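Asker: Sharing a structure here in structure tokens format.
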Amino acid sequence: MSKPFYITTTLPYVNAAPHIGFAFELVSADIIARHKRLAGYEVFFNTGTDEHGVKVFRKAKEEGKDPQTYVDEYAKKYRALLSALGISPSVHFIRTTDAAHKKAAQELWKRSFNAGDIYKKKYRIKYCVGCELEKTESELENGHCQVHPHLDIEIIEEENYFFRLSAYQERLLAFYEEHNDFVVPPFRLNEMRSLIRGKGLEDFSISRLKAKMPWGVPVPGDSEQVFYVWFDALVSYISALGWPDDEASFRKWWIETGGVVQFAGKDQIRQQAVMWQAMLMSASLPPSKQIVIHGFIQSGGEKMSKSLGNVIDPFALVKEYGTDAVRFYLARHVASFEDSDFTLEKFKEAYNADLANGIGNLVARILQMSNQYVSNPIKFPDTFYNSDNLSGEGKAVLTHLHKFELNNAVFVLWNWMQHLDILIQDGKPFEVAKTNKIAAEKQLIYLLQQLAEITVLLEPFMPETSRRIKTAIKANKKPENLFPRKE
RNA sequence: GUCGGGGUAGCUCAAUUGGCUAGAGCGUAGCACUCAUAAGGCUAAGGUUGUGAGUUCAAUCCUCACCCCCGACACCA
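According to my numbering, the first sequence is numbered sequentially starting from 34.
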């Protein structure tokens with residue numbers, strides 16, 4: 034029986050259309066999901082949408098819609114992104130407005146409450162009358178709202194529920210100590226360590242007054258309050274498995290797997306590696322397995338913003354270049370862990386160099402010749418993935434994938450292809466064929482075998498391209514232009 | 001400010017414990033070729049490795065000072 038593996042993205046918040054940063058996270062997770070599947074695991078791959086909270090509530094109001102209608106529309110947009118990016122069709126899509134999820138969130142609340150980790154407390158919030166918004170300390174400048182510096186910040190008292198995060202400092206530190214690779218890359222975990230050791234953890238509020246903001250999961254046993262969106266959204270990683278009702282599913286995907294592998298942006302570390310783990314501890318549930326933190330995508334050295342006009346739309350990119358080209362670029366040219374710059378010029382340059390001139394041309398030249406000089410199609414190594422027969426390059430690809438270094442994994446594949454180009458140049462099968470067909474055929478069979486191995490390993494990154502090359506090799510026929518050159 | 005990570009070819013990045021002429025891809029220029037998407041190959045140009053000092057037979061790597069960039073410092077969903 035194959036081993037289970039559970040991987041999830043963060044659920045994007047639906048206050049804006051999908052952007053390239055989330056496309057990167059989705060594609061990265063999908064590559065790992067496909068890789069694991071090919072390596073023989075049974076994979077549960079989860080994504081979805083986070084739909085509660087004040088920002089959604091307000092945005093819906095702005096657009097003159099009721100919140101449910103608004104989030105339904107956005108959920109549809111995010112689902113559309115999945116097919117645009119060629120995400121595994123078997124992906125599970127959870128919405129935090131699903132009835133089962135809300136029930137799960139309430140169940141976790143109850144467990145945490147029973148454990149004595151949830152209590153009610155009056156606290157002061159800073160409120161800007163101009164914005165009609167609650168402000169955090171970091172949003173203020175010299176004690177004033179940056180948008181309305183002439184207005185005084187009002188202090189309002191509100192009674193909310195708090196989660197006893199402070200009680201988990203030592204347990205979290207001990208857990209990090211035992212699991213040094215809990216967060217990838219490791220420096221992100223060190224940030225959390227120094228946060229806990231330095232300033233320490235404070236309890237945080239996990240509910241909001243329903244009268245002010247009704248768009249949330251009702252707090253069990255208190256009709257006045259709803260969940261603060263964080264406390265609800267994080268539970269999605271287990272509600273997606275059917276927790277708490279489906280015990281068999283939870284046991285298989287959360288216990289047997291050793292927990293979930295979570296992909297998340299660098300603004301998510303605290304929530305995912307600290308709060309969420311403490312919540313699990315509080316409910317007496319095992320922790321996540323690993324958190325993989327990626328950087329942000331910038332455009333032209335600046336943060337993407339509508340006003341700068343440098344926003345990269347993943348849908349437009351797919352329309353112009355195709356799904357696999359976008360997947361390739363995200364995997365190869367966006368740094369796996371650091372911030373990266375993304376411009377249309379860079380994308381086009383990489384498309385022409387790596388896809389049109391690279392893999393596209395290589396496949397065309399090999400299959401053109403093999404079609405002429407190789408009498409029978411080679412036996413395609415369908416079960417090659419993860420086998421002992423893999424070449425050194427193949428093993429290197431898998432090693433990089435194991436470390437979530439997607440860009441290095443793809444780099445190895447492209448080096449390998451360049452090596453085949455050199456073999457063709459040196460061996461000149463096209464010339465040898467004029468005088469010695471058998472020798473030429475032998476050379477070409479070797480090239481086809483190498484290409485086949487590359488094709489197998491390419492599948493997690495570019496599934497459609499891999500499939501097309503595989504078909505071409507099996508038919509021993511040159512495929513249609515894989516990546517037409519863009520001028 | 002405190003803590004952490006960086007500053008290497010036009011661009012993006014490599015350089016096992018300090019050790020041969022600091023590497024690769026892209027981009028640029030030239031050469032020969034033609035199976036291929038005017039693609040591919042070969043060659044070349046391009047670096048006082050942020051600055052100054054120190055340790056050492058030897059420093060991109062270690063030490064100190066300085067300059068610059070980035071991240072964390074909590075409810076940003």
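Every residue, glycine too, gets a C-beta built ideally from N, C-alpha and C. These numbers come from a predicted model, not from an experiment.
Which residues mark the beginning and the end of the alpha helix (DSSP H) in which A297 is found?
Answerer: As a first step, residue 297 is located in the first sequence; it is residue number 264 there, counting from the start. Unbroken run through A297 is the beta strand (DSSP E), V294 to G298; no alpha helix (DSSP H).
Asker: Measure the C-alpha to C-alpha separation of Q401 and L395 and round it to an integer number of angstroms.
Answerer: Taking the first sequence and counting its residues from 1, the one referred to as residue 401 is at position 368. Taking the first sequence and counting its residues from 1, the one referred to as residue 395 is at position 362. So the alpha carbons of these two residues sit roughly 10 Å apart.
Asker: Quick check on this structure: which residue in N48, F126, L228 and K467 has the alpha carbon closest to the alpha carbon of S272?
Answerer: Here residue 272 refers to the residue found at position 239 of the first sequence. The shortest Cα separation from S272 among N48, F126, L228 and K467 belongs to F126.
Asker: Would F57 and P218 be called neighbours here (beta carbons separated by less than 8 Å)?
Answerer: Within the first sequence, residue 57 is the residue found at index 24, counting from 1. Within the first sequence, residue 218 is the residue found at index 185, counting from 1. No, these two residues do not count as a Cβ contact at 8 Å.
Asker: Taking only runs of the alpha helix (DSSP H) that begin and end inside the segment 134-164, which ones reach a length of at least 4 residues, in chain order?
Answerer: You should have found no qualifying run.
Asker: With a CB to CB cut of under 7 Å and the five nearest residues on each side skipped, what residues in its chain are close to I64?
Answerer: For this step, residue 64 is matched to residue 31 along the first sequence. Once the five neighbours on either side are set aside, the close Cβ partners of I64 are A364, L439, P493 and F494.
Asker: Please check the pair F361 and I506, which I expect to be a contact at CB under 8 Å, by giving their CB distance rounded to whole angstroms.
Answerer: The count along the first sequence starts at 1 and reaches residue 361 at position 328. The count along the first sequence starts at 1 and reaches residue 506 at position 473. Going by Cβ atoms, the distance from F361 to I506 rounds to 20 Å, so no, they are not a contact pair.
Asker: Reducing DSSP to helix, strand and coil, say where L228 ends up.
Answerer: Numbered from its first residue, the first sequence carries residue 228 at position 195. Here L228 sits in helix by DSSP.
Asker: Can you tell me whether N223 is buried or exposed? The criterion is at least 16 other CB atoms within 10 Å of its CB, across all chains shown.
Answerer: To locate residue 223, count along the first sequence from 1; it is residue 190. N223 is exposed by the Cβ-count criterion.
Asker: For the alpha helix (DSSP H) holding P462, just list the boundary residues, first then last.
Answerer: One-based indexing of the first sequence puts residue 462 at position 429. P462 to T468 is the span of the alpha helix (DSSP H), which, as asked, contains P462.
Asker: Tell me Y194's beta-bridge partners as DSSP assigns them.
Answerer: If you number the first sequence from 1, residue 194 lands on position 161. Its beta-bridge partners are K153.
Asker: So, with DSSP's three-state summary, where would you put D415?
Answerer: Residue numbering aside, residue 415 sits at position 382 when the first sequence is read from its first letter. DSSP places D415 in coil when its eight states are reduced to three.
Asker: Do you know whose CA, among V262, M450, Y406 and P410, lies nearest E464's CA?
Answerer: Here residue 464 corresponds to residue number 431 of the first sequence, with the count starting at 1. Comparing Cα-Cα distances from E464 to each of V262, M450, Y406 and P410, the minimum goes to Y406.
Asker: Does the distance from the C-beta atom of L453 to that of Q483 stay below 8 Å?
Answerer: On the first sequence, position 420 is the one that residue 453 refers to. On the first sequence, position 450 is the one that residue 483 refers to. Going by C-beta atoms, L453 is nearer than 8 Å to Q483.
Asker: Which of the three DSSP states is assigned to E280 in this structure?
Answerer: In the first sequence, residue 280 corresponds to position 247, counting from 1. E280: helix per DSSP, three-state reduction.
Asker: Going by other Cβ atoms of all chains shown within 10 Å of its Cβ, with 16 needed for buried, is F260 buried or exposed?
Answerer: Walking along the first sequence from the start, residue 260 turns up at place 227. Per the 10 Å Cβ criterion, buried.
Asker: How far does the alpha helix (DSSP H) with Q258 in it extend, from its first residue to its last?
Answerer: Taking the first residue of the first sequence as position 1, residue 258 is located at position 225. Taken as a continuous stretch (DSSP letters only), Q258 belongs to no alpha helix (DSSP H), being part of the beta strand (DSSP E) at Q258 to F260.
Asker: CB-CB under 7 Å to W286, same chain, minus the five flanking residues each way: which ones, in chain order?
Answerer: Residue numbering aside, residue 286 sits at position 253 when the first sequence is read from its first letter. Contacts found: P37, Y39, F77 and L274.
Asker: Could you round the C-beta distance between I411 and I502 to whole angstroms and report it? I think they count as a contact, below 8 Å.
Answerer: Here residue 411 corresponds to residue number 378 of the first sequence, with the count starting at 1. Here residue 502 corresponds to residue number 469 of the first sequence, with the count starting at 1. I411 to I502, Cβ: 13 Å. No contact.
Asker: Taking contact to mean 3 or more Cβ pairs, one atom from each stretch, closer than 8 Å, check whether the segment 300-309 and the segment 318-326 are in contact.
Answerer: The segment 300-309 is in contact with the segment 318-326.
Asker: Buried or exposed, going by whether 16 or more other CB atoms sit within 10 Å of the CB of Q295?
Answerer: As a working note, residue 295 is residue 262 in the first sequence. Q295 should be labelled buried.
Asker: Would you check if there are 3 or more beta carbon pairs closer than 8 Å linking the segment 233-240 to the segment 188-195?
Answerer: In short, these stretches touch, since the Cβ pair count reaches three.
Asker: Do the CB positions of L141 and A316 come within less than 8 Å of each other?
Answerer: Against the first sequence, residue 141 aligns to sequence position 108. Against the first sequence, residue 316 aligns to sequence position 283. Cβ distance < 8 Å, so L141 and A316 count as in contact.
Asker: Measure the alpha-carbon distance for V293 versus I457 and round it to whole angstroms.
Answerer: Counting from 1 along the first sequence, the entry for residue 293 is found at position 260. Counting from 1 along the first sequence, the entry for residue 457 is found at position 424. Straight-line Cα distance between these residues: approximately 45 Å.
Asker: Secondary structure at Y362, three-state DSSP: helix, strand or coil?
Answerer: Counting from one through the first sequence, the residue named residue 362 turns up at place 329. Three-state result, Y362: helix.
Asker: Got a sec? Which residues, its chain only, sit under 7 Å from H68 by beta carbon, not counting five neighbours each side?
Answerer: Stepping through the first sequence from its first residue, residue 68 is reached at position 35. These residues qualify, in order along the chain: L434 and P493.
Asker: Tell me where the alpha helix (DSSP H) around V87 begins and ends.
Answerer: As a first step, residue 87 is located in the first sequence; it is residue number 54 there, counting from the start. Counting along the chain, the alpha helix (DSSP H) containing V87 begins and ends at V87 to E95.
Asker: The alpha helix (DSSP H) spanning Q323 covers which residue range?
Answerer: Residue 323 sits at position 290 when you count from the first residue of the first sequence. That residue, Q323, is in no alpha helix (DSSP H); its beta strand (DSSP E) goes Q323 to H327.
Asker: Buried or exposed for A429, going by 16 or more other Cβ atoms inside 10 Å?
Answerer: Position 396 of the first sequence, counted from the first residue, corresponds to residue 429. By the 10 Å Cβ count, A429 comes out buried.
Asker: Considering only residues of the segment 206-251, which uninterrupted beta strand (DSSP E) runs meet the minimum length of 3 residues and lie entirely inside it, listed in chain order?
Answerer: The segment 206-251 contains these whole beta strand (DSSP E) runs: 240-242.
Asker: Which word fits G73, buried or exposed, when buried means at least 16 other C-beta atoms lie within 10 angstroms of its C-beta?
Answerer: Within the first sequence, numbered from 1, the residue matching residue 73 stands at position 40. Exposed.
Asker: Please classify P122 as buried or exposed, where buried requires at least 16 neighbouring CB atoms within 10 angstroms.
Answerer: Within the first sequence, numbered from 1, the residue matching residue 122 stands at position 89. Its Cβ having fewer than 16 others within 10 Å, P122 is exposed.
Asker: Give me, in chain order, the residues of the same chain whose beta-carbon lies closer than 8 Å to that of Q101; leave out the 5 immediate sequence neighbours on both sides.
Answerer: To locate residue 101, count along the first sequence from 1; it is residue 68. So the list reads T130, once near-sequence residues are dropped.
Asker: On a CA-only basis, which of F437, T80 and L350 is nearest Y384? Give me that one, please.
Answerer: Taking the first sequence and counting its residues from 1, one reaches residue 384 at position 351. Residue L350 is the option with its Cα nearest to Y384.
Asker: Using 8 Å for Cβ pairs, my map puts P347 next to P51. What's the rounded Cβ distance?
Answerer: The sequence position of residue 347 within the first sequence is 314, counting from 1. The sequence position of residue 51 within the first sequence is 18, counting from 1. Rounded, the Cβ-Cβ distance is 6 Å, consistent with contact.
Asker: CB T43 to CB N79, shorter than 8 Å?
Answerer: On the first sequence, residue 43 is found 10 positions in, with the first residue counted as 1. On the first sequence, residue 79 is found 46 positions in, with the first residue counted as 1. No; because the gap between Cβ atoms is not below 8 Å, this pair is not in contact.
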